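In my numbering, the protein residues as written are 231 to 554.
We put the beta carbon where it would ideally sit given N, CA and C, even for glycine.
Only a predicted model underlies this, so the values are computations on that prediction, with no experimental measurement involved.
Each remark here refers to the structure printed beneath this line.
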């Protein structure tokens, strides 16, 4: 019993926490977007619909009458854009569906075009974090003073951001559970992978909480300024705060992908591919395979306090059996 007890290396909870946190942040951001989007939709419908004579001379934001069939046609630009040609239901539907479209596109790329085996789980998560950042930037930009009064570019910028964010979600939903499963110790692997679903739900709750706070503050500020009629330059774009939060949450995810190691199982799979199905130059393949083996050991050591040589050999045998 003593030898069996000592043969299992002790887990490094800091290393395991980082390995879990990196993909979990991707799931948290997915949940956050679900909760926040409900409030963004409501704020877009309310934010540009203030009827105040003191601000009538100010340029209208592109989301004026968003989701309504009562679109303005007072100027040539407003009457000729695709945005104003759509019905209110179509505008809202496209806003919601653009994220799902991006997720479908991202999943298609990673599953059917060889992205997953070639890139590896960590790089998938890194690209997902970049897509999260770009999507958040486009969504924030669509409500800034540069694009808020542009019916030509404001709406497409928002849809572009939603689509990019959706692509990031598609990559995360593929990479996150695989990275967790391939890195987590066998004794707690099921709990680690299942916990991702809890993180998504927590993200939804957080999105609703932030959305409620921002929406309440926005309503109070808008009513005060418009009723007083003393600020014609006021821009009702508080909904962009929700995407600012998304941008800030994406940053640590991106940083962590440069800290955590590549998946040990993926590295061992690449090693086996080189050893048994490599190129004609066996000497070069052997050098690369040995380097992957060493990196796999370092990746596994990231999770444990004690030496992992025996664990690595066992895992390598499992991968070789499945690979052949």
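- Around the beta carbon of residue 400, 16 or more other beta carbons sit within 10 angstroms, so the residue counts as buried.
- One alpha carbon belongs to residue 355, the other to residue 402, and they sit about 6 Å apart.
- By the 16-neighbour rule on beta-carbons within 10 angstroms, residue 540 is exposed.
- In this structure, residue 254 sits away from residue 421, with a CB-CB distance that is not shorter than 9 Å.
- Per DSSP, reduced to three states, the secondary structure at residue 534 is strand.
- Within the model, the alpha-carbon separation for residue 339 versus residue 430 is close to 23 Å.
- For residue 368, the uninterrupted alpha helix (DSSP H) run begins and ends at 351–371, by DSSP.
- For residue 338, the enclosing alpha helix (DSSP H) covers residues 318–342.
- By the criterion of at least three beta-carbon pairs nearer than 8 Å, the segment 365–377 is not in contact with the segment 423–440.
- In this structure, 410 is the residue among 410, 417 and 435 with its C-alpha nearest to the C-alpha of residue 425.
- At a Cβ-Cβ threshold of 9 Å, residue 398 and residue 357 count as neighbours.
- Between residue 252 and residue 496, the C-beta gap is not smaller than 9 Å, which leaves the two residues out of contact.
- With a cutoff of 9 Å on beta-carbon distance, residue 362 and residue 388 are scored as not near each other.
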